[in-house]
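Residue 288 in our numbering sits at position 166 of the sequence shown, with consecutive numbering throughout. For glycine and all other residues, C-beta sits at the position ideal for the given N, C-alpha and C.
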Amino acid sequence: MQEWLDGAEWNGWDEQKFREEFMEEIKARIFRMEMYKIVIPMFLTASILAILANLVVIAALRSAKVIRTATVVLILSLTFSDIWTSIVVSLSLLYNSYMPIVLEADVNPCISLTLELLRTGGMISATLHLLLIALHHFVGIARPQTPRSAGQDRRALFACLIAWIAPFSVLLFLSLGIKGQGYWNCQHVDFYHSRLFRLFVSFLLVAIFLLITSFYICLLVKLRANRKRFSNKNESIYGQRKSSLEKNRREMRTTVTAILICASFFLGWAPAAILFALTCEDCGVLLDRKSFRAIFLLSCLQLAFILLKSFLNPLIYSLRVPDVDTQVRLFRRKLQNSFGGTFIRLRNPPTVEL
123 MQEWLDGAEW NGWDEQKFRE EFMEEIKARI FRMEMYKIVI PMFLTASILA
173 ILANLVVIAA LRSAKVIRTA TVVLILSLTF SDIWTSIVVS LSLLYNSYMP
223 IVLEADVNPC ISLTLELLRT GGMISATLHL LLIALHHFVG IARPQTPRSA
273 GQDRRALFAC LIAWIAPFSV LLFLSLGIKG QGYWNCQHVD FYHSRLFRLF
323 VSFLLVAIFL LITSFYICLL VKLRANRKRF SNKNESIYGQ RKSSLEKNRR
373 EMRTTVTAIL ICASFFLGWA PAAILFALTC EDCGVLLDRK SFRAIFLLSC
423 LQLAFILLKS FLNPLIYSLR VPDVDTQVRL FRRKLQNSFG GTFIRLRNPP
473 TVEL
């Protein structure tokens with residue numbers, strides 16, 4: 123390498139600057155190769171465990187005696203979103219990072235672009251799911267006079283399909299709508315790295331989260347006001363007051379559960395959205411060749427938060443939804459029984475409406 127540098131003809135180039143940049147590039151590549159050998163297998167293992175944890179939740183909600191409401195449909199779709207995220211993150215780490223850096227294998231740029239678009243689309247889709255859940259709770263609690271129609275779960279399913287299809291359709295349109303870029307020429311994806319595109323995606327996510335926050339603030343204020351009003355009712359209508367308080371308690375529990383889920387998603391996607399916005403080509407941030415360690419650290423941090431979010435949601439469902447907790451206990455006891463433990467069959471698991 124040094125002999126090649128000494129024997130090169132510079133023809134007016136800044137030899138010293140080129141040497142420095144070339145050596146920084148070599149250092150960055152060696153650093154990434156050594157680090158990827160360690161961290162990528164760890165992230166892949168965590169992704170597989172997150173997928174299994176979310177599959178347990180899906181199996182619980184489908185096998186337990188849970189009333190098939192719009193909320194159940196939304197939570198199931200949101201759980202599939204977690205599984206989707208874990209799968210795409212794993213494939214992206216393998217194909218876009220491990221293979222070209224550690225294995226030094228050639229990768230297809232169109233496949234790399236597809237994985238990046240799938241990850242970005244999944245991030246937007248998951249946020250839209252949270253907005254649908256917040257809107258559903260807001261309409262159901264803030265306006266209790268609205269009747270629950272028989273087709274509410276079908277409308278929720280239709281809304282989930284839109285939340286899945288719309289982001290990926292827009293991204294596909296962008297990748298096909300610019301001549302010489304995207305799938306027309308996968309070597310050139312300037313639109314994906316442009317400031318306009320990345321800031322638009324980040325601001326879209328922030329706007330959706332602000333809207334979700336406003337919905338739940340209004341709901342909490344209304345639920346607290348209702349509880350205070352029910353508590354002050356006359357003792358002569360004790361039965362009615364007790365029923366109203368029980369309904370208010372269930373609504374408060376549902377709202378708090380949804381807020382915890384939204385908080386876990388914000389925790390998971392906020393670092394990714396920030397890094398996504400900062401690393402555009404014309405943003406002037408973290409573009410120096412000497413910033414490769416900072417970029418690596420931030421990338422590991424945002425991946426860790428994304429996978430942590432995928433683990434937190436099954437935990438929230440298990441702790442806050444009785445049916446999921448029952449099915450998780452059954453699953454654990456079946457495992458114990460298969461390894462010589464005693465399996466205790468639970469009779470008539472509780473039925474709740476989420």
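C-beta atoms of L196 and G243 nearer than 8 Å: no
According to DSSP, simplified to helix, strand and coil, what is S316? Annotated three-state conformation of S316 is coil, per DSSP.
Helix, strand or coil for T376, going by three-state DSSP, please let me know. helix
In chain order, what residues of the same chain lie with their CB nearer than 7 Å to the CB of H310, ignoring the 5 residues before and after it? G302 and Q303
Name the residue from S316, V261, F313 and I162 whose alpha carbon lies nearest to the alpha carbon of V211. The shortest C-alpha separation from V211 is found at I162.
From S169, T335, S297 and E156, residue whose alpha carbon lies closest to that of L231: Just to set this straight, residue 231 is Pro in the shown sequence, not Leu. It is S297 whose Cα lies nearest to the Cα of P231.
For S234, I'd like the list of residues in its chain whose CB is within less than 6 Å of its CB, leaving aside the five on either flank, ordered along the chain. N218
Give me the Cα-Cα distance between S316 and A426, rounded to the nearest whole angstrom. In a straight line, the C-alpha of S316 is about 25 Å away from that of A426.
Could you check what DSSP says for W229 in three-state terms: helix, strand or coil? Note that residue 229 is Val in the sequence shown here, rather than Trp. Note: V229 maps to coil in three-state DSSP.
Can you list, in chain order, the residues of its chain with a C-beta nearer than 6 Å to that of L430? Leave out the 5 residues immediately preceding and following it. Nothing meets the Cβ criterion.
Does D275 come out as helix, strand or coil in the three-state DSSP assignment? helix
Nearest to A480 by CA position, among R455, L240 and L257, is which residue? Because residue 480 is not part of the residues shown, which for the chain are 123 to 476, the question remains open.
Between A172 and S432, is the Cβ-Cβ spacing less than 8 Å? yes
For W126, which residues in the same chain have their Cβ closer than 6 Å to its Cβ, ignoring the five residues on either side in sequence? A caution first: W126 carries a pLDDT of 44, below 50, which makes its placement in the model unreliable, though a value can still be read off. Excluding sequence neighbours, W126 sits near nothing in its chain.
Looking only at C-alpha atoms, which of L397, Y439 and L437 sits nearest to L479? Because the chain is modelled from 123 through 476, residue 479 falls outside the range shown and cannot be assessed.
In this structure, how does DSSP classify I300 when only helix, strand and coil are distinguished? Looking at I300 - three-state DSSP - the assignment turns out to be coil, as it is neither helix nor strand.
Would you call A380 buried or exposed, if buried means 16 or more other Cβ atoms sit within 10 Å of its Cβ? buried
In whole angstroms, what separates the C-alpha of K344 from that of A192? 22 Å
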